[in-house]
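The sequence shown begins at 330 in the numbering used here and counts up one residue at a time.
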Amino acid sequence: MSLINCVECGAKVSDLAKSCPKCGAPVGEELKNISRVQIKIPVVRSVFLGTAVDIQIYANGNLIWSGRSGNIAEFEIKQPTEIIIQTKKKINMREFSTVVVPGKKYRMVQDEGLHMYETYRLTVVDFIDSE
Ligand SMILES: [Zn+2]
330 MSLINCVECG AKVSDLAKSC PKCGAPVGEE LKNISRVQIK IPVVRSVFLG
380 TAVDIQIYAN GNLIWSGRSG NIAEFEIKQP TEIIIQTKKK INMREFSTVV
430 VPGKKYRMVQ DEGLHMYETY RLTVVDFIDS E
């Protein structure tokens with residue numbers, strides 16, 4: 330066990346506690362669970378440009394996650410936040426913005442489009458399946 334600082338009031342709290350004994354704010358793992366956002370990014374199909382796609386996610390102008398399609402993007406936020414998801418495959422870069430809510434799980438969905446002009450969106454899911 331170790332002591333951590335409550336993010337709300339600054340009190341020292343055991344990292345095993347679920348909430349701060351002083352102010353009641355969630356701490357440690359509990360805080361992570363509440364504030365975590367997970368986005369399953371499926372392997373994106375592309376006829377001409379291959380399948381692996383680089384993904385970058387921005388919030389308030391800051392890069393908060395980057396990786397490849399087929400992975401689960403994971404980050405923590407305190408309140409509903411507008412994010413920008415960029416998908417890059419070679420010369421083709423698309424981006425869309427959407428609002429995500431802390432504690433929710435999402436799946437990125439590709440809508441069919443003409444060749445390089447496909448679009449994406451997020452849909453809320455109860456759980457993230459492993460493909
Ligand atoms: Zn506190």
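Each residue gets a CB set at the ideal place from its N, CA and C atoms; glycine is no exception.
DSSP three-state label for residue 363, please. Helix.
Going by the C-beta, is residue 339 closer than 8 Å to any heavy atom of ligand 1? Yes, since a heavy atom of ligand 1 falls inside the 8 Å radius drawn around the Cβ of residue 339.
Determine the burial state of residue 467: buried for a count of at least 16 other Cβ atoms within 10 Å of its Cβ, exposed for fewer. Nothing about residue 467 can be reported from this structure: the residues present for the chain run from 330 to 460 only.
Can you check DSSP and say which residues form a bridge with residue 391? Answer is 388.
Classify residue 331 as buried or exposed, calling it buried when 16 or more other Cβ atoms lie within 10 Å of its own Cβ. Classification for residue 331: exposed.
Would residue 456 pass as a contact of residue 434 if the rule is Cβ separation under 9 Å? Cβ distance < 9 Å, so residue 456 and residue 434 count as in contact.
Identify every residue that forms a DSSP beta bridge with residue 440. Residue pairing by DSSP places residue 440 opposite 448 in a beta bridge.
What does DSSP give as the partner residue(s) for residue 331 in the beta ladder? Residue 331 pairs with nothing; no bridge assigned.
Taking DSSP as the reference, what is the three-state secondary structure of residue 358? Helix.
What does a CB cutoff of less than 8 Å around residue 386 pick up in its chain, not counting 5 residues either side in sequence? Excluding positions up to five away in sequence, the list reads 368, 392, 393, 394, 395, 402, 404, 412, 413, 414, 415.
Hey, residue 382 and residue 418 are a contact pair by Cβ (cut 8 Å); roughly how many whole angstroms apart? In this structure residue 382 is in contact with residue 418, their Cβ atoms being roughly 5 Å apart against a cut-off of 8 Å.
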